[in-house]
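Below is one structure, written out as structure tokens, with a few remarks after it.
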Amino acid sequence: MSTPFSEGSPRGKRGRKLGPVTDGTGPAHRAWLEPLRASYLASGLTIGHLERETGWSRSKISELLRAAGRYPRWEFTRSLLTALHWPAPSMAYMRALWALAAREANKRTIWINSCLRGDGLSADDRLPLHFAAFQDLYRDAYTGYAHTFLRRRPDARRAVNDVFMLLLFLWDEALAGDNPERFAWQILRQTVMERTPHPDGSPALLEAAFDTLALRTADDPVAQIEESMRLFDALRRLPAGQLDVMVLLHLRGMDETAVAAVLGVPLATVRSTARHARRHLDGRLRSAFQEGHPRDRND
């Protein structure tokens with residue numbers, strides 16, 4: 307990637323020396339920050355110059371260049387790149403790195419998208435054909451997964467739309483990793499989970515217990531409700547990978563091959579994960595039953 311002022315020695319300049327990058331800064335954050343710092347150091351400009359060019363205060367600019375304080379919005383980052391005369395192609399690449407680092411910083415998908423909306427570098431209105439095909443292929447599965455946790459169709463559709471918006475900005479990075487399905491699923495899961503209540507630290511899933519075939523066809527609905535609630539309470543406490551596989555297989559009715567495709571994992575992984583999940587559920591349900599019937603352990 308070419309950057310402005312990347313050739314030759316740094317120009318001399320007055321002003322306080324730029325401090326080092328803050329310890330603990332993640333690799334994705336460094337991926338865009340270090341080229342930006344190098345460009346600044348080679349430019350001959352001072353932070354005072356950047357303050358006049360961008361309108362941002364010196365303290366804020368210094369914080370951004372050292373990765374101190376909160377993760378910066380894209381508007382702020384872009385203004386520094388513009389002041390340093392970054393060309394549009396390099397700016398677009400830095401935008402993708404910024405978005406990846408925002409995810410590393412656990413920024414919510416809706417926050418990332420709000421930063422990118424209104425960006426003069428927004429994606430072409432015509433979607434790349436391979437992206438459009440990917441979207442058509444997985445939208446229904448994504449929406450079903452989101453609906454399982456969010457419970458309202460409009461909320462599920464909104465979450466999936468936000469996922470595809472962010473994925474479009476990151477599409478080149480998704481393809482570069484040779485597994486766009488897994489890359490996209492990570493964004494989907496993060497987006498859904500950040501909008502799902504987490505009582506006791508696990509995603510809420512009990513409402514889904516009232517929308518099962520077993521309950522609709524039960525001879526004794528009250529007893530079935532109790533059984534379903536125990537099952538779904540155990541289900542929501544599964545490790546993330548096991549929970550996803552069980553939701554897709556048993557709550558969304560997908561077959562193993564389709565689940566492997568949407569998750570971007572081998573079929574054998576789906577089967578192995580499902581086996582581990584069933585053992586995990588059996589243990590939890592057996593323990594819950596024994597706690598509710600203490601005499602049975604002494605018979």
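Number 605 marks the last residue of the sequence shown (the working numbering); no jumps. Note that beta-carbon positions come from the ideal geometry of N, C-alpha and C, so glycine has one too. All figures in this text were calculated on a predicted structure; none of them were measured in a lab.
Ignore the nearest five residues each way along the sequence and tell me which others in T579's own chain have a CB closer than 6 Å to its CB.
-> Same-chain partners within the cutoff: G547, Q548, V551.
Residues in its own chain within less than 7 Å of M471 by CB, not counting five upstream and five downstream?
-> The beta carbon of M471 sits closer than 7 Å to those of N419, all from its chain and outside the five residues before and after it, given in chain order.
Please work out which residues of its chain come closer than 6 Å, Cβ to Cβ, to S385, disregarding the five sequence neighbours upstream and downstream, and give them in chain order.
-> If we look at S385 and ignore the five residues flanking it on each side, its Cβ neighbours are T360.
At what residues does the alpha helix (DSSP H) containing K366 begin and finish?
-> For K366, the enclosing alpha helix (DSSP H) starts and ends at 364-372.
Under 8 Å by Cβ, that's how I've got V553 and Y399 pegged, so tell me the actual separation to the nearest angstrom.
-> That pair is no contact at about 35 Å.
In chain order, what residues of the same chain lie with their CB nearer than 6 Å to the CB of P393, ignoring the 5 residues before and after it?
-> Excluding its 5 nearest sequence neighbours in each direction, P393 has no C-beta neighbour in its own chain below 6 Å.
Among N485, P509, H453, E381, which has the Cα closest to the Cα of F538?
-> With distances taken between Cα atoms, F538 lies closest to P509.
Within 10 angstroms of the Cβ of D478, are there 16 or more other Cβ atoms? Answer buried if so, exposed if not.
-> So D478 counts as exposed.
From this set, F489, D506, A407, which residue's C-alpha is nearest A337's C-alpha?
-> Ranked by Cα distance from A337, the first of F489, D506, A407 is A407.
Quick check: the stretch 353-372 against the stretch 407-417, are there 3 or more CB pairs under 8 Å?
-> Per the Cβ contact rule, the stretch 353-372 is not in contact with the stretch 407-417 (fewer than 3 Cβ pairs under 8 Å).
Are A405 and L456 closer than 9 Å when you measure CB to CB?
-> Cβ distance not < 9 Å, so A405 and L456 don't count as in contact.
Figure out for me which residue from L481, R401, G354 has the closest Cα to the Cα of A334.
-> Nearest to A334 by C-alpha distance, out of L481, R401, G354, is R401.
What's the gap between the Cα of D506 and the Cα of M397?
-> Rounded to the nearest angstrom, the two C-alpha atoms are 42 Å apart.
Hey, how far is the Cα of G589 from the Cα of E381?
-> Spanning the two alpha carbons is a distance of roughly 50 Å.
Could you pull the start and end residues of the alpha helix (DSSP H) that H391 belongs to?
-> Careful: H391 lies outside any alpha helix (DSSP H) and carries neither H nor E.
Figure out for me which residue from V327, L443, A389, E513 has the closest Cα to the Cα of V568.
-> Measuring from the Cα of V568, the nearest candidate turns out to be L443.
Distance between beta carbons of T328 and A389, contact taken as under 8 Å = Actually they do not touch by this definition, with Cβ atoms about 22 Å apart.
From L403, R577, A583, L557, pick the residue whose C-alpha is nearest to that of T449; which is it?
-> Closest in C-alpha terms to T449, from the list L403, R577, A583, L557, comes L557.
Just confirm the distance between the C-beta atoms of V469 and T497, as a whole number of angstroms; I'd bet it's less than 8 Å.
-> Right, their Cβ atoms sit about 5 Å apart.
So, are the CB atoms of T352 and L339 less than 9 Å apart?
-> Not closer than 9 Å, so no.
Would you report the Cα separation of P572 and L494, rounded to the nearest angstrom?
-> Each residue's CA atom was taken as its position, placing P572 and L494 some 19 Å apart.
Looking only at its own chain, which residues have a Cβ that is under 7 Å from the Cβ of A462, when we skip the five neighbours before and after it?
-> Take A462, set aside five residues on each side of it, and the residues of its chain with a beta-carbon closer than 7 Å to its own are T449, A452, H453, L456, in chain order.
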